[in-house]
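In what follows, a single structure is set out as structure tokens and then discussed.
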Amino acid sequence: MFRFIVFTILLFLAGTNHAASLHRFHSGDCPRIEPMANFNIDRFLGEWFVLENANDNGQVCLREEFNASQEAVVVMPKHDENLFDMARNELEPTGRPKYETEDDMKIMEKAYYVKRSYLPFGGRQIISETGKISFSSNTSQSEMEISLPYAETGMLNIKHYEVISTDYDRFALVWRCQKTIFGHRRSAQLMSRRSELDEKSQQELQSLIQHFEAQHDIKFTPVRQTNCNEVSALEAQESTSSTPMTKRPPSSSVADTSPIHTQDTNGEPPKSKNKKKLINIEIGSFQLSISYPFF
1 MFRFIVFTIL LFLAGTNHAA SLHRFHSGDC PRIEPMANFN IDRFLGEWFV LENANDNGQV
61 CLREEFNASQ EAVVVMPKHD ENLFDMARNE LEPTGRPKYE TEDDMKIMEK AYYVKRSYLP
121 FGGRQIISET GKISFSSNTS QSEMEISLPY AETGMLNIKH YEVISTDYDR FALVWRCQKT
181 IFGHRRSAQL MSRRSELDEK SQQELQSLIQ HFEAQHDIKF TPVRQTNCNE VSALEAQEST
241 SSTPMTKRPP SSSVADTSPI HTQDTNGEPP KSKNKKKLIN IEIGSFQLSI SYPFF
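At position 57 of the sequence shown (counting the first as 1) the number is 57 in full-length UniProt numbering, and the numbers step up by one without a gap.
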């Protein structure tokens with residue numbers, strides 16, 4: 001039974017599209033993070049470029065666009081007197097109906113959505129997905145629950161999304177947490193209204209980013225935002241890492257292990273082997289590295 005469970009998990013992980021990614025799981029529920037005070041969701045609307053991402057999955061050109069729309073919401077009676085009026089209308093046909101048509105039972109309410117687009121690792125086409133936003137608190141709209149239909153696993157993905165700090169015009173630091181069978185998976189994003197931050201903003205955010213990393217046991221990595229509208233350019237730069245938007249020591253590069261095609265003596269190129277992909281999993285002190293395909 002144990003072997004079957006392990007094998008199932010390995011097959012599930014092998015089905016993802018990440019050539020080299022780090023998913024770090026933590027036990028228990030998502031930690032409580034102090035939300036941003038006096039957050040204004042309407043000023044937060046619009047397009048954001050994700051410049052740095054904790055728990056990087058190899059995505060590039062990652063952007064999130066927040067928008068709002070007016071939707072009709074059905075209003076049901078909430079008080080006993082309303083229920084009594086409706087019952088009386090059934091017994092007394094001459095009585096004035098509480099609701100003459102179904103439209104009379106609806107009000108217009110503002111609904112919020114987020115459109116997430118990115119190019120997955122090794123992909124050649126931008127993936128877009130739209131999720132609906134609900135608010136976790138009646139007093140603060142900085143705490144959200146975002147439901148994305150597919151996301152990285154191909155299943156419904158519900159994440160706790162919380163704005164920690166933003167000036168609405170230059171940057172935003174957001175916290176994300178997702179419940180899993182292992183406990184929870186935490187991550188964070190540094191976003192900007194433009195595809196890069198100016199040097200002054202980088203210096204201002206450097207200490208905030210470093211403190212957030214140390215406090216919540218996460219590590220930010222840069223997300224490339226160049227040549228996102230040119231597929232040919234993306235293919236040429238797929239293995240090129242982007243420049244961090246906040247200054248920190250450069251990370252070590254990873255060598256490309258793609259097979260080199262050469263001409264053999266028979267005039268036919270040899271068959272290339274499948275490129276190995278690596279997934280690293282950390283659950284507390286337990287670490288697991290999986291290389292696939294397995295053969």
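The C-beta atom is built at its ideal place from N, Cα and C for all residues, glycine as well.
Those residues which DSSP pairs with residue i across a bridge
i       : result
Phe-135 : Met-144
Thr-130 : Lys-115
Glu-65  : Glu-47 and Lys-115
Gln-70  : Lys-110
Phe-212 : Its beta-bridge partners do not exist; DSSP assigns none.
Backbone secondary structure at residue i - three-state DSSP
i       : result
Lys-200 : helix
Arg-185 : strand
Ala-172 : strand
Val-231 : Unreliable placement is indicated for Val-231, whose pLDDT of 48 sits below 50; no coordinate value is reported for it.
Ile-164 : strand
Phe-39  : coil
Ser-192 : strand
Ser-207 : helix
Gln-178 : strand
Pro-269 : Since pLDDT at Pro-269 reaches only 46, below the 50 mark, its modelled position is unreliable, and the value read off the structure follows with that caveat. Note: Pro-269 maps to coil in three-state DSSP.
Pro-97  : In this predicted model, Pro-97 has a pLDDT of only 48, less than 50, meaning its place in the structure is not dependable enough to derive any value.
Ala-236 : Confidence at Ala-236 is low in this model, with a pLDDT of 46, below 50, so the placement of that residue should be treated as unreliable; the coordinate-derived value is given next. If DSSP states are grouped into helix, strand and coil, Ala-236 belongs with the helices.
Arg-32  : coil
Where residue i falls, given that 16 or more other Cβ within 10 Å makes a residue buried
i       : result
Gln-59  : buried
Arg-224 : buried
Arg-124 : exposed
Asn-211 : One point to set straight first is that residue 211 is His, not Asn, in the sequence displayed. Its Cβ having fewer than 16 others within 10 Å, His-211 is exposed.
Arg-43  : exposed
Glu-199 : exposed
Ser-187 : buried
Lys-273 : Confidence in Lys-273 is poor, its pLDDT being 45 and thus under 50, which makes the residue's placement too unreliable to answer from.
Arg-176 : buried
Ile-181 : exposed
Pro-120 : buried
Glu-162 : buried
Thr-139 : exposed
Lys-159 : buried
Proximal residues to residue i (C-beta, below 7 Å), its chain only, five neighbours per side dropped
i       : result
Glu-100 : Confidence at Glu-100 is low in this model, with a pLDDT of 49, below 50, so the placement of that residue should be treated as unreliable; the coordinate-derived value is given next. Excluding sequence neighbours, Glu-100 sits near nothing in its chain.
His-26  : Gly-183, His-184 and Arg-186
Ala-233 : Interpretation of Ala-233 is limited by its pLDDT of 44, a score under 50 that renders its predicted location unreliable; the figure taken from the coordinates is listed afterwards. Counting only Cβ-Cβ distances below 7 Å, and skipping sequence neighbours, we find Asn-227.
Ile-164 : Ile-33, Met-36, Leu-173, Val-174 and Trp-175
Phe-39  : Ser-140, Gln-141, Ser-142 and Val-163
Ile-41  : Tyr-112 and Gln-141
Ser-137 : Glu-143
Spatial neighbours of residue i in its chain, beta-carbon cut-off 8 Å, leaving aside the 5 residues before and after
i           : result
Trp-48      : Arg-63, Glu-64, Glu-65, Phe-66, Ala-172, Met-191, Ser-192 and Arg-193
Glu-213     : Ala-54, Lys-219 and Phe-220
Asn-229     : none
residue 316 : In the structure displayed, the chain extends from 1 to 295; residue 316 sits before or after that span and is not available.
Residue range of the unbroken beta strand (DSSP E) whose run includes residue i
i       : result
Glu-52  : 46-54
Thr-221 : 220-222
Cut-off 6 Å between Cβ atoms - residues of its own chain near residue i, not counting five sequence neighbours on either side
i       : result
Lys-132 : Tyr-113 and Ser-147
Gln-189 : Val-50, Asn-53 and Val-174
Ser-134 : Glu-145
Cys-30  : His-160, Cys-177 and His-184
Arg-116 : Glu-64 and Glu-129
Ser-195 : Phe-49 and Gln-225
Gly-28  : Gly-183
Ile-126 : Ser-117 and Leu-119
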